[in-house]
Amino acid sequence: MYVAFNFIQNYDGYNVKIFADLLRTLYSASSGLVSCLKNQPCTKTWYNLYINCGGSEVKIGDNTYKGDTAQPTPSSFFLGDNWAYSSTGHFLDDSKDTDDYIVENASTLSMNNAQLYMSARSSPLSLTYYGFCLMDGPYNVSLHFAEISFTGDKTYSSLGRRVFNVYIQGKLVLEDFNIESHAGGVRKAVIKNFSATVANGSLDIRFYWAGKGTQNIPTRGFYGPLISAISVNPDFKTPQEPASISTGTVVGIVAAIVFVIFLILVILWWRGCLRREDEMAQDLKVLALQIGSFTLRQIKAATNNFDSANKIGEGGFGSVYKGLLSDGTTIAVKQLSSKSKQGNREFVTEIGLISALQHLHLVKLYGCCIEGNQLLLVYEYMENNSLARALFGPEEFQLKLDWRTRHKICVGIARGLAYLHEESRLKIVHRDIKATNILLDKDFNPKISDFGLAKLDDEDNTHISTKIAGTYGYMAPEYAMHGYLTDKADIYSFGIVALEVVSGRSNSSSQKNEECFYLLDWVRVLKERGNLIDLVDQRLNCHFDKEEALVLIKVALMCTNATPALRPPMSSVVSMLEGKVTVPVLDSEGAIMTEEKIEAMRKHFIGDKHQVVGENITRSMSTDGPWTGTASSASANDLYPILLDTDY
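For the sequence shown, UniProt numbering assigns the number 648 to the last residue and increments by one with no breaks.
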């Protein structure tokens, strides 16, 4: 098993001090990983350890020295069966490559057991070997050294002086150790023996360059620690090998264990515990391949550890935080809440759908973070927050949206929905179109967000039975009451949002100790009276296009028709709002109405009886309320003659 931490590859422009700090940080990280490995259960207990550092496996007498030939990097970690090593540091000479971490002898060696000294492992800063699963007790530790990097001639390579420290079990055993001096020259072996006590089955041997000696000389000089081989032998009597168990007994025990595990898994699967976990794990693996991935450390750094000062929203999914990546990109991070009404399934749905969709009026997903119990989505940051906050949020957050901007927002939402319903490869029903799910960028371009409740629209199945999900006040009646879900449900929700944009008011408005009033009911009253223009937000005064406003209101009424079949497709809505086609005048059957029929409907809906009802509604809503209107009779030209279910 080989685990390489390529934390440091190219650090152009960093000075040496910064680089050294990074190396110390990486050493701490690898130490933390080793601590975790020490706590892992052992399948076998070992009584010795032999490593040929930097070389291949070699047998010396009855002992086999394990090969240590893994190619290192400036910061790396290698794990063997019962041993490991970690290395940190980058040689100051940038011309050197990773081969410099393993030193090869180029000439013949005459010492005993020369195979152990033909190669050695080196590090510019710190090199640590670990022994795991050792029997607790006293041990003899032998460290084999030979200076095979420097030469004994009169060239530059003979001028180097290597000085480093050695620690065993955290205790300094060699300080300012110089291999050449202790061995009496280069390419000569020297063995240093020490006693060490193993506790909890682990042994640490660390070689550390303290900044002394030659730092760099020509012709590939080295200055860090160098070790040729390590041998660890017990200083106690090892226990005898346990008596062997018969093959039949082993087979019986294994069969019994397998049967018990299988029975437990079947029970858990039958109860649905494993199926949900396995499906979710599989979904998350697939998502990791679809979109970009962020680490939790990156997200915490960007959001200042989810500082409350960076919190910019709260929704059914959880909290949303503003963040800044290291490259200067501003992001919005959506964090799954443990109390969220949406769960992992909605998280997966949102990532899966939005990663397959790209459109100017759909919020852009940068990636996600799936780490431990953290589920996070990383979006582009929208400077002007949500449409709901801009229109009818707290007064300090409300924005002064002129008519041009409001009209642009409605057209943009319509284009985004038209893409979802008719243009994208995947036909999507969003199911939760509302002002809080419409985000505004710095130029007030609208973008649809929050796809956690979205459903694929199967064109061959127009009657979709599903669990009701969405926001009351925006859900189409046929969906809220009967679970009948098609793209017409989104069209209804768009109509509600369009009316909110025109009026600057939320669809539902209540005052203390008074009943709740609905914007759609008020629009129908104005329609009956022929005063649709009175719906326009009073904050605009007279600074709006009356014709555009009437078109937008009438299109919104078409979209909120109680009969789904009479709601226009979103592509037609875009064309009507852009003035490319006129708004049709339809009755409940969808036919073009004559002037005679319009007049008949006017007399039917605005007779004496209905006029009184309308006045009563006006009086009840106008007292200190936002929906002030005046009673007047409607003309055939001003009345928008589309049948609506006024009882709904």
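The beta-carbon is built from N, C-alpha and C at its ideal position, and this holds for glycine as well.
Notebook entry, point to check: Thinking just about the alpha-carbon of each residue, which of D534, T43, G55, Y130 is nearest to the one in Y85?
Noted result: If you number the sequence shown from 1, residue 85 lands on position 85. Here the closest residue by C-alpha is Y130.
Note to self: Give me, in chain order, the residues of the same chain whose beta-carbon lies closer than 7 Å to that of L324; leave out the 5 immediate sequence neighbours on both sides.
What the structure shows: Looking up residue 324 in the sequence shown gives position 324. Within the same chain, L324 has close Cβ partners A302, T330.
Notebook entry, point to check: From Y484 to W269, what does the alpha carbon distance come to, in whole angstroms?
Noted result: Your numbering for residue 484 matches position 484 in the sequence shown. Your numbering for residue 269 matches position 269 in the sequence shown. Each residue's Cα considered, the two are about 33 Å apart.
Notebook entry, point to check: In terms of alpha-carbon separation, which member of E180, Y208, L172 lies closest to A196?
Noted result: Numbered from 1 along the sequence shown, position 196 holds the residue referred to as residue 196. Of E180, Y208, L172, the residue nearest in Cα terms is L172.
Notebook entry, point to check: I think R50 touches M135, with their Cβ atoms under 8 Å apart; what is that distance to the nearest whole Å?
Noted result: In the sequence shown, residue 50 corresponds to position 50, counting from 1. In the sequence shown, residue 135 corresponds to position 135, counting from 1. First, the amino acid is wrong: residue 50 is Tyr here, not Arg. Actually they do not touch by this definition, with Cβ atoms about 15 Å apart.
Check: Would you call residue 678 buried or exposed, if buried means 16 or more other Cβ atoms sit within 10 Å of its Cβ?
Finding: Residue coverage of the chain in this structure runs from 1 to 648, which leaves residue 678 outside it and unanswerable.
Next item on the list: Determine the extent of the beta strand (DSSP E) in which G184 is found, giving its start and end residues.
Entry: Sequence index remark: in the sequence shown, residue 184 carries index 184 (1-based). G184 -> no beta strand (DSSP E), and no H or E assigned at all.
Checklist line | Where the beta strand (DSSP E) containing T88 begins and where it ends | finding: Stepping through the sequence shown from its first residue, residue 88 is reached at position 88. Taken as a continuous stretch (DSSP letters only), the beta strand (DSSP E) holding T88 covers 83-88.
Margin query: Quick check: A183 and A146, are their CB atoms within less than 8 Å of each other?
Written below: What you label residue 183 is simply residue 183 of the sequence shown in a count that begins at 1. What you label residue 146 is simply residue 146 of the sequence shown in a count that begins at 1. In this structure, A146 lies closer than 8 Å to A183 by Cβ.
Notebook entry, point to check: Can we say the stretch 414-432 touches the stretch 536-551, given the rule of at least three CB pairs closer than 8 Å?
Noted result: no
Check: In chain order, what residues of the same chain lie with their CB nearer than 6 Å to the CB of S293, ignoring the 5 residues before and after it?
Finding: On the sequence shown, position 293 is the one that residue 293 refers to. Correct list, in chain order: G367.
Note to self: Between S87 and S75, how many whole angstroms is the CB-CB distance? I'm expecting something under 8 Å.
What the structure shows: Stepping through the sequence shown from its first residue, residue 87 is reached at position 87. Stepping through the sequence shown from its first residue, residue 75 is reached at position 75. Their Cβ separation, rounded to whole angstroms, is 7 Å, which keeps S87 and S75 in contact under 8 Å.
Checklist line | For A562, three-class secondary structure by DSSP | finding: Counting from 1 along the sequence shown, the entry for residue 562 is found at position 562. Here A562 sits in coil by DSSP.
Checklist line | Residues near C133 by beta carbon distance below 7 Å, same chain, minus five either side | finding: Against the sequence shown, residue 133 aligns to sequence position 133. Excluding positions up to five away in sequence, the list reads C42, K44, T45, W46, N82, G201.
Next item on the list: List the whole-angstrom C-beta distance separating L387 from I438, where the pair is believed to meet the contact cut-off of C-beta under 8 Å.
Entry: Start at 1 with the first residue of the sequence shown, and residue 387 comes out as number 387. Start at 1 with the first residue of the sequence shown, and residue 438 comes out as number 438. Yes, L387 and I438 are in contact; Cβ-Cβ is about 4 Å, under 8 Å.
Check: Who does F194 pair with in a DSSP beta bridge?
Finding: On the sequence shown, position 194 is the one that residue 194 refers to. DSSP, once it has assigned bridges, lists V141 as partnering F194.
Item checked: Neighbourhood of R567 by C-beta, 7 Å cutoff - its chain only, sequence neighbours within 5 removed -> Here residue 567 refers to the residue found at position 567 when the sequence shown is read from its first residue. Result list for R567: K488, I491, Y492, M558, C559, N561, in chain order.
Margin query: Beta-carbon within less than 6 Å of T128's beta-carbon, same chain only, minus the 5 sequence neighbours each way: which residues are those?
Written below: For this step, residue 128 is matched to residue 128 along the sequence shown. Closer than 6 Å at the Cβ level, and outside the excluded window around T128, lie S86, R206.
Notebook entry, point to check: DSSP on G131, reduced to helix/strand/coil?
Noted result: Here residue 131 refers to the residue found at position 131 of the sequence shown. Of the three classes helix, strand and coil, the one that applies to G131 here is strand, per DSSP.
Check: Who are I51's beta bridge partners in DSSP?
Finding: Within the sequence shown, the letter at position 51 stands for residue 51. Looking at the DSSP assignment, I51 forms a beta bridge with K66, I230.
Check: In this structure, does DSSP put C410 in helix, strand or coil?
Finding: Counting from 1 along the sequence shown, the entry for residue 410 is found at position 410. Here C410 sits in helix by DSSP.
Note to self: If you reduce the DSSP assignment to three classes, tell me which class A388 lands in.
What the structure shows: Taking the sequence shown and counting its residues from 1, one reaches residue 388 at position 388. A388: helix per DSSP, three-state reduction.
Check: Can you give the beta carbon distance from F494 to A565, rounded, assuming they're within the 8 Å contact cut?
Finding: Within the sequence shown, numbered from 1, the residue matching residue 494 stands at position 494. Within the sequence shown, numbered from 1, the residue matching residue 565 stands at position 565. Actually they are not in contact, since the Cβ atoms of F494 and A565 sit about 16 Å apart, beyond 8 Å.
Check: How should L520 be labelled, buried or exposed, when 16 other C-beta atoms within 10 angstroms of its C-beta is the threshold for buried?
Finding: As a position in the sequence shown, residue 520 is number 520, starting the count at 1. L520 comes out buried.
Next item on the list: Would you list the one or two residues that DSSP bridges to I438?
Entry: On the sequence shown, position 438 is the one that residue 438 refers to. Answer is I448.
Next item on the list: Using 10 angstroms around the beta-carbon of A256, count the other beta-carbons present and answer buried if the total reaches 16, otherwise exposed.
Entry: The residue given as residue 256 occupies position 256 in the sequence shown. A256 should be labelled exposed.
Check: Is N233 buried or exposed, if buried means 16 or more other CB atoms sit within 10 Å of its CB?
Finding: Translated into positions along the sequence shown, residue 233 becomes position 233. Exposed, since its Cβ has fewer than 16 Cβ neighbours within 10 Å.
Next item on the list: Report the residue from Y381, L296, Q335 whose alpha carbon sits nearest the alpha carbon of G328.
Entry: Along the sequence shown, read from residue 1 onward, the residue named residue 328 stands at position 328. The shortest Cα separation from G328 among Y381, L296, Q335 belongs to Y381.
Note to self: My assumption, with CB atoms under 8 Å, is that E500 sits in contact with A435. Please give the rounded CB distance.
What the structure shows: One-based indexing of the sequence shown puts residue 500 at position 500. One-based indexing of the sequence shown puts residue 435 at position 435. So it is a contact: roughly 6 Å between Cβ atoms.
Item checked: Span separating the alpha-carbon of V258 from that of W209 -> Looking up residue 258 in the sequence shown gives position 258. Looking up residue 209 in the sequence shown gives position 209. Each residue's Cα considered, the two are about 51 Å apart.
Next item on the list: Might you give, ordered along the chain, the residues of its own chain that have their beta carbon closer than 6 Å to the beta carbon of Q374, omitting 5 neighbours on each side?
Entry: Indexing the sequence shown from 1 puts residue 374 at position 374. Hits under 6 Å: L296.
Checklist line | Enclosing alpha helix (DSSP H) for V585 [first to last residue] | finding: For the purposes of this step, residue 585 is taken as residue 585 along the sequence shown, with counting starting at 1. No alpha helix (DSSP H) contains V585, which DSSP labels as neither H nor E.
Note to self: At the level of alpha carbons, what is the spacing between R602 and R524?
What the structure shows: As a position in the sequence shown, residue 602 is number 602, starting the count at 1. As a position in the sequence shown, residue 524 is number 524, starting the count at 1. In this prediction, R602 scores a pLDDT of 39, lower than 50, which makes its location untrustworthy; the coordinate-derived value is nonetheless stated afterwards. About 13 Å.
Next item on the list: Give every residue of the same chain whose Cβ lies closer than 8 Å to the Cβ of I191, excluding the five residues on either side of it in the sequence, and list them in chain order.
Entry: Position 191 of the sequence shown, counted from the start, is the residue given in the question as residue 191. The answer, listed in chain order, is S142, L143, H144, F145.
Item checked: L362 versus I533: straight-line alpha-carbon distance, rounded -> Here the question's residue 362 lines up with position 362 in the sequence shown. Here the question's residue 533 lines up with position 533 in the sequence shown. When rounded, the distance between both Cα atoms is 31 Å.
Next item on the list: Report back the beta-carbon spacing between L226 and V333 to the nearest angstrom; my notes put them in contact at under 8 Å.
Entry: Translated into positions along the sequence shown, residue 226 becomes position 226. Translated into positions along the sequence shown, residue 333 becomes position 333. Contact flag wrong, Cβ pair sits at about 47 Å.
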